[in-house]
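**Student:** Handing you this structure, nothing more for now.
Residue numbers (the working numbering): 46 to 316.
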């Protein structure tokens, strides 16, 4: 998300006494982790909670649902009888969820229009006066929906081939050039090796699998990303592997690697 809107969100979540680690996880969900969404309704369904909480480093689904509730920024679907969370949606991704008769949608207590923003917004310097005026008008933070009216991001349920090809080539370039790999992924490699007690060879295999099988689709699903300048894509990647997200990026990469290895082992046992 844009730097100005990120500050607005941070004030909201910090006021709820959430740690920076928790805020990083909330932003990941709020930004739209489309690989964990239902491709039709664009919600985070209950059947994906197990995978999602593992990716975020939680031990139980209840820890995930508790964080979603505490953040007070998601639309939550509950069972009317049990009160159990059946799904949740981020307002940044227009969902198509239709509740059943035994379900109800609970809106966040704070009007999310205050915090609506353009994800990965690159603010034009010519808009500084508009930003300042907007900030004065909205005491609780910048209303990026007003500032960037008509330009709220959308996400493809399935990315275009052109977007996948461009992102894949770009990530491959960053991985294969030693100096670029060190700049963009050096912290990931360093901390992954020490956390899981493995060598550089296996760590690079994990990273390559994560880039090709997960991050490529995650980035390519954004509408219009095939038209982003290379500098903007590089900045997004650098932020994604930044210190506030790094812990759960490492956990997610390890979880996906283990899942891949288990699948390979299962296929070998079949023959």
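From the three backbone atoms N, C-alpha and C, an ideal C-beta is built for every residue, glycine too.
Going along the chain, which residues of its own chain have a beta-carbon closer than 7 Å to the beta-carbon of residue 142, five neighbours each way excluded?
**Tutor:** Counting only Cβ-Cβ distances below 7 Å, and skipping sequence neighbours, we find 86, 88, 122, 132 and 134.
**Student:** Can you check whether the CB of residue 301 is closer than 8 Å to the CB of residue 31?
**Tutor:** Nothing in the structure corresponds to residue 31, since the chain is present only between 46 and 316.
**Student:** Kindly indicate the opening and closing residues of the beta strand (DSSP E) around residue 134.
**Tutor:** From DSSP, the beta strand (DSSP E) with residue 134 extends over 130-134.
**Student:** Cα separation between residue 146 and residue 130?
**Tutor:** Going by the C-alpha atoms only, they are around 15 Å apart.
**Student:** Taking the Cβ atom as the reference point for each residue, do residue 299 and residue 228 lie within a distance shorter than 8 Å?
**Tutor:** Against a cut-off of 8 Å, the Cβ pair of residue 228 and residue 299 comes out as no contact.
**Student:** On the CB-based measure, 16 or more other CB atoms within 10 Å of its CB, does residue 73 come out buried or exposed?
**Tutor:** Buried, by the Cβ-count rule.
**Student:** May I have the straight-line CA-CA distance separating residue 287 from residue 261, to the nearest angstrom?
**Tutor:** Answer to the nearest angstrom: the Cα atoms are 17 Å apart.
**Student:** Would you give the residue range spanned by the alpha helix (DSSP H) that residue 149 belongs to?
**Tutor:** Careful: residue 149 lies outside any alpha helix (DSSP H), inside the beta strand (DSSP E) at 148-151.
**Student:** Quick one: residues in its chain with C-beta nearer than 7 Å to the C-beta of residue 152, no 5 flanking neighbours on either side, listed in chain order?
**Tutor:** Counting only Cβ-Cβ distances below 7 Å, and skipping sequence neighbours, we find 120.
**Student:** Examine the ligand HEM and report whether any of its heavy atoms sits within less than 7 Å of the Cβ of residue 288.
**Tutor:** Questions concerning the ligand HEM fall outside what the structure shown contains, since it holds no ligand whatsoever.
**Student:** Taking the alpha-carbon of residue 150 as reference, which of 95, 124 and 138 has the nearest alpha-carbon?
**Tutor:** It is 124.
**Student:** Under 8 Å, do residue 293 and residue 128 count as touching if we go by C-beta distance?
**Tutor:** Not in contact: residue 293 and residue 128 (Cβ atoms no closer than 8 Å).
**Student:** Pick from 140, 98, 59 and 91: whose alpha carbon is nearest that of residue 116?
**Tutor:** If we check each option's Cα against that of residue 116, 59 comes out closest.
**Student:** State the Cα-Cα distance for the pair residue 296 and residue 82, rounded to the nearest angstrom.
**Tutor:** So the two alpha carbons sit approximately 19 Å from each other.
**Student:** Hey, residue 317 and residue 76 are a contact pair by Cβ (cut 8 Å); roughly how many whole angstroms apart?
**Tutor:** It is not possible to answer for residue 317, since the shown part of the chain is limited to 46 through 316.
**Student:** Helix, strand or coil, according to DSSP, for residue 172 in the structure here?
**Tutor:** With a pLDDT of 42 at residue 172, under the threshold of 50, the modelled position of this residue cannot be trusted, and the question is left open.
**Student:** For the 8 Å Cβ check, are there 3 or more pairs between the segment 262-271 and the segment 210-222?
**Tutor:** Contact holds: three or more Cβ-Cβ distances are below 8 Å.
**Student:** Tell me which residues share the same chain as residue 283 and place their Cβ nearer than 7 Å to its Cβ, disregarding the 5 neighbours each side in the sequence.
**Tutor:** Taken in chain order, the residues that qualify are 229.
**Student:** Quick check on the burial criterion: 16 or more other C-beta atoms within 10 angstroms. Buried or exposed for residue 109?
**Tutor:** Buried: at least 16 other Cβ atoms inside 10 Å.
**Student:** If you draw a straight line from the C-alpha of residue 363 to the C-alpha of residue 251, how long is it?
**Tutor:** In the structure displayed, the chain extends from 46 to 316; residue 363 sits before or after that span and is not available.
**Student:** Do residue 216 and residue 226 have their beta-carbon atoms positioned less than 8 Å apart in this structure?
**Tutor:** No, the Cβ-Cβ distance between residue 226 and residue 216 is not below 8 Å.
**Student:** Return the CA-CA distance between residue 195 and residue 78, expressed in angstroms with no decimal places.
**Tutor:** Low per-residue confidence applies at residue 195: pLDDT is 39, beneath 50, and the placement is therefore not dependable, though the value from the model is reported in the following sentence. Roughly 22 Å separates the two Cα atoms.
**Student:** In terms of DSSP beta bridges, what is residue 124 paired with?
**Tutor:** 148, per the DSSP bridge assignment.
**Student:** Can you check DSSP and say which residues form a bridge with residue 89?
**Tutor:** DSSP output for residue 89 lists 133 as bridge partner(s).
**Student:** Our contact map puts residue 70 next to residue 112 with C-beta atoms below 8 Å; I'd like the distance itself, whole angstroms only.
**Tutor:** Right, the Cβ-Cβ distance comes to about 7 Å (below 8 Å), so this counts as a contact.
**Student:** Residues in the same chain with beta-carbon distance under 7 Å from residue 100, minus the five sequence neighbours each way, listed in chain order, please.
**Tutor:** So the list reads 293, 296, 297 and 300, once near-sequence residues are dropped.
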